[in-house]
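Quick notes on the structure that follows.
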Amino acid sequence: MDVPVTTPSFASRNLRFADFRDGKTVDYTRASPEEWLPALQRLEQQWVKYDHMFLPTMKKFPAPKDIPKDLFMKWTDFARKYNVEAATEIIRTNVAQDPTDSTTMDMYRAFDTTILRVFAGTGDPLQTIDHNNLAVFERAMELLGDDVMYESEVISSKRTKNGVRLVVRSSNGRTVLVKARRLLVAIQPDAAKPGSLDLDANERKLLARSMANRFFVGLISHPSLPFNTTYYNIIPEASPNNRLLYPANPSFAEFRYVGDSSSGGLYRIVLSGPPGYTFEDAKQLIRTSLQKLMDTGLLSAGDANDIDFKTFDDHGSLYRSYAVKDLKDDIIRKLNALQGVRSTWRVGGAIGTTNLCMLWAQVDVVLEDLTKGL
288 MDVPVTTPSF ASRNLRFADF RDGKTVDYTR ASPEEWLPAL QRLEQQWVKY DHMFLPTMKK
348 FPAPKDIPKD LFMKWTDFAR KYNVEAATEI IRTNVAQDPT DSTTMDMYRA FDTTILRVFA
408 GTGDPLQTID HNNLAVFERA MELLGDDVMY ESEVISSKRT KNGVRLVVRS SNGRTVLVKA
468 RRLLVAIQPD AAKPGSLDLD ANERKLLARS MANRFFVGLI SHPSLPFNTT YYNIIPEASP
528 NNRLLYPANP SFAEFRYVGD SSSGGLYRIV LSGPPGYTFE DAKQLIRTSL QKLMDTGLLS
588 AGDANDIDFK TFDDHGSLYR SYAVKDLKDD IIRKLNALQG VRSTWRVGGA IGTTNLCMLW
648 AQVDVVLEDL TKGL
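In case it helps, my numbering puts the sequence shown at residues 288 to 661.
Following this line, the structure appears as structure tokens:
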């Protein structure tokens, strides 16, 4: 796509540790590179055993009797078993997966081998030369031109073995009838308007069995947030260095300093909440957490209502997971069997990983099946 790229750099920041529920300082020591890097390397040795099952698709996922038992384990037990506790901090901070309520499989799908290798130094990460990864998508928009209906919504459809018909409402309110021989669905199961994709009873039953928290991502600034300091959210029970104890959802890992702005330091937020957690719930949790830090004196006095949300977006339901009982009921292979039914194929977190690069790779693989015979 001719977008200039470079190898990313990771700047060091001052770190302060606090319980965002009450704003009090916590005596905690974050894992050093000498601790977390070997842990990631040990974890990679385990992760590669599962790559063929998940990457780039779950087409080769085994029958229930052949699923490795380690994937069913609670993450905390798996981490102790393989001495990878220090890797938990890296996973939780960077992809916001809740390690206290996850299985090994959940953690793998959120932080698969391709992501792990970026942090372990064995991968080949790239970012745009001006540190603006939006340029990749802007370039894609240029290449696609008028072939994409942006900010549109499928409001109804009819799917048959011979093709599909979609009624689409565009951003200006106009409806368009789209006829296609085959359809690729690349959104989360709960992102579609109910009834819009003409699901049959079996599809509705299977697609409803995945679970996911809601995620919100943004950049904020506030006069009380200083330059070059990251505030890390940790509970007192984790003091001084328990790598497996973290705040329960809803929560966010840190006010992460990423740069400067005219209204103060720029801080990145990645927040997760339970199903049904709203956009306003998320913003209020950020305000409340910041106010607690100011009230205890960890930050200079101020009013959290003065937060400047530079950007703040609802990323929907990410990191979909399945109950162990559903995995033992062969849910993954049942979902795989939906591919091609009534001219429809699917990609995304319900049948793969949420990692964007792997999603693109997943699309490439699925398109090979989708386009056969056209």
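The beta-carbon is built from N, C-alpha and C at its ideal position, and this holds for glycine as well. These figures come from a predicted structure and were not determined experimentally.
### Task
Report the rounded CA-to-CA distance for N642 versus Q332, giving the unit in angstroms.
For this step, residue 642 is matched to residue 355 along the sequence shown. For this step, residue 332 is matched to residue 45 along the sequence shown. In a straight line, the C-alpha of N642 is about 20 angstroms away from that of Q332.
### Query
Just to check, is the beta-carbon of N301 closer than 8 angstroms to a non-hydrogen atom of the ligand NAD?
Judged by which ligands are present, the structure shown has none, so any question about the ligand NAD falls away.
### Query
Going straight from the alpha carbon of V454 to that of V441, what length do you get?
Along the sequence shown, one-based indexing puts residue 454 at 167. Along the sequence shown, one-based indexing puts residue 441 at 154. Taking the straight line from one Cα to the other gives about 6 angstroms.
### Task
Can you tell me which of the three DSSP states T631 falls into?
The residue given as residue 631 occupies position 344 in the sequence shown. DSSP places T631 in strand when its eight states are reduced to three.
### Task
Give the range of the beta strand (DSSP E) segment to which D601 is assigned.
Position 314 of the sequence shown, counted from the first residue, corresponds to residue 601. Looking at the DSSP string, the run of the beta strand (DSSP E) that includes D601 is 595-608.
### A637 (DSSP reduced to helix, strand or coil)
Numbered from its first residue, the sequence shown carries residue 637 at position 350. In the structure shown, A637 sits in coil (DSSP, three-state: anything other than H, G, I, E or B).
### CA nearest to the CA of S608, picked from H602, K352, P476, R452
Position 321 of the sequence shown holds residue 608. Looking at the Cα atoms, P476 is the closest of the given residues.
### Query
For W647, does the count of other Cβ atoms within 10 angstroms reach 16, so buried, or fall short, so exposed?
In the sequence shown, residue 647 corresponds to position 360, counting from 1. Per the 10 Å Cβ criterion, exposed.
### 9 angstroms Cβ cutoff met for D662 and D338
Residue 662 falls outside the range modelled here, since the chain spans only 288 to 661, and no answer is possible.
### Task
Could you check the C-alpha separation between R496 and G639 for me, to the nearest Å?
The residue you call residue 496 lines up with position 209 of the sequence shown. The residue you call residue 639 lines up with position 352 of the sequence shown. Using only the alpha carbons, I get a separation of about 15 angstroms.
### DSSP three-state assignment for S559, whether helix, strand or coil
Residue mapping note: residue 559 aligns to position 272 of the sequence shown, counting from 1. Of the three classes helix, strand and coil, the one that applies to S559 here is strand, per DSSP.
### Message
If distances are taken between C-alpha atoms only, which option among G482, H602, R404, L431 comes closest to R501?
### Response
Position 214 of the sequence shown, counting from 1, holds the residue named residue 501. Comparing Cα positions, the closest option is H602.
### Query
Over what stretch of residues does the beta strand (DSSP E) that includes K492 continue unbroken?
As a working mapping, residue 492 is identified with position 205 in the sequence shown. Note, K492: premise wrong, no beta strand (DSSP E); alpha helix (DSSP H) at 488-494.
### Task
Pick out whichever of S550, Y519, F514, A569 has its Cα sitting closest to the Cα of N536.
On the sequence shown, position 249 is the one that residue 536 refers to. Among S550, Y519, F514, A569, the Cα nearest to that of N536 belongs to A569.
### Query
With which residues is R452 paired in a DSSP beta bridge?
In the sequence shown, residue 452 corresponds to position 165, counting from 1. BP columns for R452 point to K445, K466.
### Query
Which residue from G546, L486, R530 puts its Cα closest to that of P513?
The residue labelled residue 513 in the question sits at position 226 within the sequence shown. It is G546.
#### Entry: S576 to L464 span [Cα, whole Å]
Counting from 1 along the sequence shown, the entry for residue 576 is found at position 289. Counting from 1 along the sequence shown, the entry for residue 464 is found at position 177. Straight-line Cα distance between these residues: approximately 47 angstroms.
### Query
What's the C-alpha gap between G560 and F566?
Residue 560 sits at position 273 when you count from the first residue of the sequence shown. Residue 566 sits at position 279 when you count from the first residue of the sequence shown. If I take the Cα positions, the gap works out to 10 angstroms.
### Task
Go through the segment 356-444 residue by residue and report every complete run of the alpha helix (DSSP H) that reaches 4 residues or more, in order.
362-368, 372-382, 391-397, 400-407, 421-431
### Query
For L506, which three-state DSSP category applies?
The residue given as residue 506 occupies position 219 in the sequence shown. Here L506 sits in strand by DSSP.
### Query
If you check the beta carbons only, do S444 and S483 fall under 9 angstroms apart?
The count along the sequence shown starts at 1 and reaches residue 444 at position 157. The count along the sequence shown starts at 1 and reaches residue 483 at position 196. Yes.
### Message
For the alpha helix (DSSP H) containing N528, name the first residue and the last one.
### Response
The count along the sequence shown starts at 1 and reaches residue 528 at position 241. Segment: none, N528 is in no alpha helix (DSSP H) and carries neither H nor E.
#### Entry: Which of helix, strand or coil DSSP assigns to R501
Within the sequence shown, the letter at position 214 stands for residue 501. Strand, per DSSP.
### Query
Between which two residues does the alpha helix (DSSP H) harbouring V545 extend?
For the purposes of this step, residue 545 is taken as residue 258 along the sequence shown, with counting starting at 1. Unbroken run through V545 is the beta strand (DSSP E), 541-548; no alpha helix (DSSP H).
### Task
Could you tell me if N370 is buried or exposed, where buried requires 16 or more neighbouring beta carbons within 10 angstroms of its beta carbon?
Position 83 of the sequence shown holds residue 370. By the 10 Å Cβ count, N370 comes out exposed.
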